[in-house]
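J.: For reference, the structure I am asking about is given below.
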Amino acid sequence: AIKDKEVLISLMQKMYWIELEMEQMGTWEGRLEMMDENLEALEILSHDSDKHGATVKKWLTNADIEIPKETPRGLPKHIFDFDGLSSQEIFSKIVKYEALALNAYRDMRNTDSDVINAFFKNESDITEFLVDLDQLIKDEEKHASICKKQIGGYLKVKY
1 AIKDKEVLIS LMQKMYWIEL EMEQMGTWEG RLEMMDENLE ALEILSHDSD KHGATVKKWL
61 TNADIEIPKE TPRGLPKHIF DFDGLSSQEI FSKIVKYEAL ALNAYRDMRN TDSDVINAFF
121 KNESDITEFL VDLDQLIKDE EKHASICKKQ IGGYLKVKY
């Protein structure tokens, strides 16, 4: 569980960046390399990334936390390079970040209530924050499953 306000701030900023910037860039770059059968899966990931980025931005704004304008510390400048990769290899790269996102949202969901209360004074905001995190977790589980299906067979992903 997250017990420190700064840890939650850092994680929220990183997830905003990953959802809105990195996954989006990778998704559209990846589209250029893909065959039709994989495009639908990529569309779902792309659409959900947009929604997730907007959700995380809402909570950064509500908690009066700065929205990152450049890559947060600890994240690479460019995660995805799909040049010359097969669809399976592309989804193998994406699934690692889906697992990272899943773990991050689970950690955020398990944040100590004292830390969450420090950000959100309003009880309905706290409830909405936790409900949103539950949805993000569900979506990331779905994304990992979509990626595994595109990769084919079984893939060991650490959660």
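Counting in my numbering, the sequence shown runs from 1 upward without gaps. Note that CB positions come from ideal geometry on N, CA and C, so glycine has one too.
Going by Cα to Cα distance, which pick from 53, 1, 43, 118 is closest to residue 14?
T.: As a first step, residue 14 is located in the sequence shown; it is residue number 14 there, counting from the start. Comparing Cα-Cα distances from residue 14 to each of 53, 1, 43, 118, the minimum goes to 53.
J.: Give me the residue from 10, 60, 80 with the minimum Cα distance to residue 97.
T.: As a working mapping, residue 97 is identified with position 97 in the sequence shown. Nearest of 10, 60, 80 to residue 97, Cα basis: 80.
J.: Looking only at its own chain, which residues have a Cβ that is under 8 Å from the Cβ of residue 72, when we skip the five neighbours before and after it?
T.: Your numbering for residue 72 matches position 72 in the sequence shown. Cβ within range, chain order: 10, 13, 14, 17.
J.: What distance in whole Å lies between the Cβ atoms of residue 146 and residue 20, which are believed to be in contact at a cut-off of 8 Å?
T.: Along the sequence shown, one-based indexing puts residue 20 at 20. Along the sequence shown, one-based indexing puts residue 146 at 146. Not a contact, Cβ separation roughly 19 Å.
J.: With DSSP run on the structure shown, which of helix, strand or coil describes residue 111?
T.: Taking the sequence shown and counting its residues from 1, one reaches residue 111 at position 111. Residue state, collapsed to three classes: coil.
J.: Hey, could you find the ends of the alpha helix (DSSP H) residue 144 is sitting in?
T.: To locate residue 144, count along the sequence shown from 1; it is residue 144. Residue 144 -> alpha helix (DSSP H) spans 123-151.
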